[in-house]
Each structure stands twice: as structure tokens, then as C-alpha cells.
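Read in order, the letters of the sequence shown correspond to residues 989 to 1117 in this note's numbering.
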Amino acid sequence: MTRAGEAPSPVRAVYVISVAAELAGVHPQTLRIYERKGLLDPARTGGGSRRYSDADIARMRRIQELTSVGVNLEGVRRLLALEADLASTRAELERVRAEAIDAVERTHRHYRRDLVPVRSERLPARWRG
């Protein structure tokens, strides 16, 4: 349960099929078809009833968006898989970038710590400015 003022979790499955279908703008039977085709995987109650989350609703809307421009359900399945893979790759890239930036900063801090100021009077005459 969320506290007052908190947004509900996008992965918390709370919507029954009729509400989810209405929110997504489709017939409940369409959601059953999407599930059979492997496009949706709603949570289930102990009694076996489907429950949909906000993330599921967003996915349904994306499916509708793709089918409305002529993509068949197999194409939708493949596109959704590619989009998920791309999102995962982008997240990994951001993580690696952050690690690289941190490593460079640690290296620079290490170099600065190791630098020892040299007084110019101790340098040979040819190196003095």
C-alpha cells in the first residue's frame, strides 16, 4: 500500500482485466489474445485472476500504437523485445560511463596527491624560468 502523497508503483498489479482494457482502450478479449501471443504477462491472484500494473497498461498502449500503423502481433513482439534490449543496453552504457568517469577522477586525485612541489632554487640553472 502506498502512503499518502506517494505515487503508486508502476509494477504493482492492481487493475482487473476490464479496468485495464478500458484504460488501454481495447476490449478485454484483446488482452487475452496479447497474453496468448506472449505480449503481456499479467500478475495473477491466488485464485488465478489477472491483475495488470501501470507498466502493463503502458505496454498495452505501445502494442496498440504499433498495431495501429500496421505491425502484426509477431512484429510487435519482436519490436518490444528489441526495445527492451535497447533500454537494457543504454542502462548498461550509462553504468559503464559512470564507472569510467569515476575511475578517471580517482586517477586524477591520485596523481595530484603524488605531486610534490619543487622549489625553483633547487633546479639546475637551465630549467629555471
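In this text, a Cβ means the ideal position worked out from N, Cα and C, and glycines have one as well.
Quick check on DSSP: helix, strand or coil for alanine 1031? Locating residue 1031 in the sequence shown gives position 43, counting from the first residue. In the three-state scheme derived from DSSP, where H, G and I count as helix and E and B as strand, alanine 1031 is classed as strand.
By the DSSP assignment, the alpha helix (DSSP H) with tyrosine 1022 in it spans what residues? The residue labelled residue 1022 in the question sits at position 34 within the sequence shown. Boundaries of the alpha helix (DSSP H) around tyrosine 1022: 1016–1024.
Which same chain residues, not among the five before or five after leucine 1027, have their C-beta less than 8 Å away from its C-beta? Counting from 1 along the sequence shown, the entry for residue 1027 is found at position 39. Taken in chain order, the residues that qualify are Arg1047, Ile1051, Leu1061, Val1064, Arg1065, Leu1068.
Three-way DSSP call (helix, strand, coil) for arginine 1000 in this model: Here residue 1000 refers to the residue found at position 12 of the sequence shown. In the three-state reduction of the DSSP assignment, arginine 1000 falls in the coil class, being assigned neither a helical nor a strand state.
Using a Cβ-Cβ cut-off of 6 Å (strictly less than) and excluding sequence neighbours within five positions of serine 1006, which residues of its own chain qualify? Counting from one through the sequence shown, the residue named residue 1006 turns up at place 18. Shown here for serine 1006: same chain residues with a beta carbon closer than 6 Å to its own, the five before and five after excluded, namely Pro1016 in chain order.
Candidates Pro1030, Gly1034, Gly1036, of which the one nearest alanine 1043 by Cα: As a working mapping, residue 1043 is identified with position 55 in the sequence shown. Among Pro1030, Gly1034, Gly1036, the Cα nearest to that of alanine 1043 is on Pro1030.
Should arginine 1038 go down as buried or exposed, given a rule of 16 or more other Cβ atoms within 10 Å for buried? Walking along the sequence shown from the start, residue 1038 turns up at place 50. A buried status is given to arginine 1038, since no fewer than 16 other beta-carbon atoms sit within 10 Å of its beta-carbon.
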